[in-house]
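Peer 1: For reference, the structure I am asking about is given below.
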Amino acid sequence: TSTDGRKEDVVLIVDDDQAFLELAERLLVKEGFNVLSTDNSKGALQLARAARPDLVLLDILMPCFDGWAVLKDLKQDPVTAKIPVVILSIVDEKKRARDEGAHAMLAKPIDRTVLLKAVFDACASADCDRSTRSLQEAVA
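Quick note: the sequence shown, position 6, residue 147 per the numbering used here, numbers continuous.
Given below as structure tokens:
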């Protein structure tokens, strides 16, 4: 719980790029989010089912089990179907991302401000407890 008594929003990051995981986690924690991260695409669905995050940031190009398969599983599971997913990838496939149920898609490399705006927007769409003032401060 945050200092003002609100539930902190939980973001799950699924990406096989360890450097990106660490940077994104630090950035989001600094903005008041609880962050879970994994570089294991196969375990992402189980982690999402257990933690029920407010948002999933999902890389597409990963070994073994690509992000499209993870997105499909998340959207077909009743426990995780309503969790917004923001796709992160060097391959810009916005139409496919939307068609498959993603909230948004960001092309890597991702600017800090763009990432934060996408996270706040996705959380707002999921009725996360974030204020407009916090969004304006984060992207200022």
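C-beta atoms are modelled at their ideal positions from N, C-alpha and C, and glycine is treated no differently.
1. In the DSSP assignment, the beta strand (DSSP E) including residue 230 goes from what residue to what residue?
2. Could you check what DSSP says for residue 178 in three-state terms: helix, strand or coil?
3. Just the C-alpha distance for residue 221 and residue 164, rounded to the nearest angstrom, thanks.
4. For residue 245 versus residue 227, is the C-beta distance shorter than 9 Å?
5. Tell me, please, whether the segment 152-162 touches the segment 182-189 by the rule of three or more beta-carbon pairs shorter than 8 Å.
6. Kindly indicate the opening and closing residues of the alpha helix (DSSP H) around residue 255.
7. What first and last residue would you give for the alpha helix (DSSP H) that runs through residue 214?
8. Which same chain residues end up closer than 6 Å to residue 157 when comparing Cβ atoms and leaving out the 5 residues on each side of it in sequence?
9. If you follow the beta strand (DSSP E) that residue 240 is in, where does it begin and where does it stop?
10. Quick one: grab the DSSP three-state call for residue 245.
11. Figure out for me which residue from 207, 161, 242 and 208 has the closest Cα to the Cα of residue 223.
12. Taking the C-alpha atoms as reference points, what is the distance between residue 238 and residue 263?
13. Helix, strand or coil for residue 196, going by three-state DSSP, please let me know.
Peer 2: Judging by the given coordinates:
1. If you look at residue 230, you'll find it in the beta strand (DSSP E) that goes 226-230.
2. Note: residue 178 maps to strand in three-state DSSP.
3. Their Cα atoms are separated by approximately 25 Å.
4. Yes, the Cβ-Cβ distance between residue 245 and residue 227 is below 9 Å.
5. Using a Cβ-Cβ distance cut-off of 8 Å, the segment 152-162 and the segment 182-189 are in contact, since at least three pairs of beta carbons, one from each stretch, lie closer than that value.
6. For residue 255, the enclosing alpha helix (DSSP H) covers residues 253-266.
7. In the DSSP assignment, residue 214 falls within the unbroken alpha helix (DSSP H) covering 208-217.
8. So the qualifying residues of the chain are 180 and 203.
9. Looking at the DSSP string, residue 240 is not in any beta strand (DSSP E); the run it does join, the alpha helix (DSSP H), is 235-240.
10. Residue 245 falls in the strand class under three-state DSSP.
11. The option with the nearest alpha carbon to residue 223 is 242.
12. Straight-line spacing of the CA atoms in residue 238 and residue 263 works out to 14 Å.
13. It is a strand residue.
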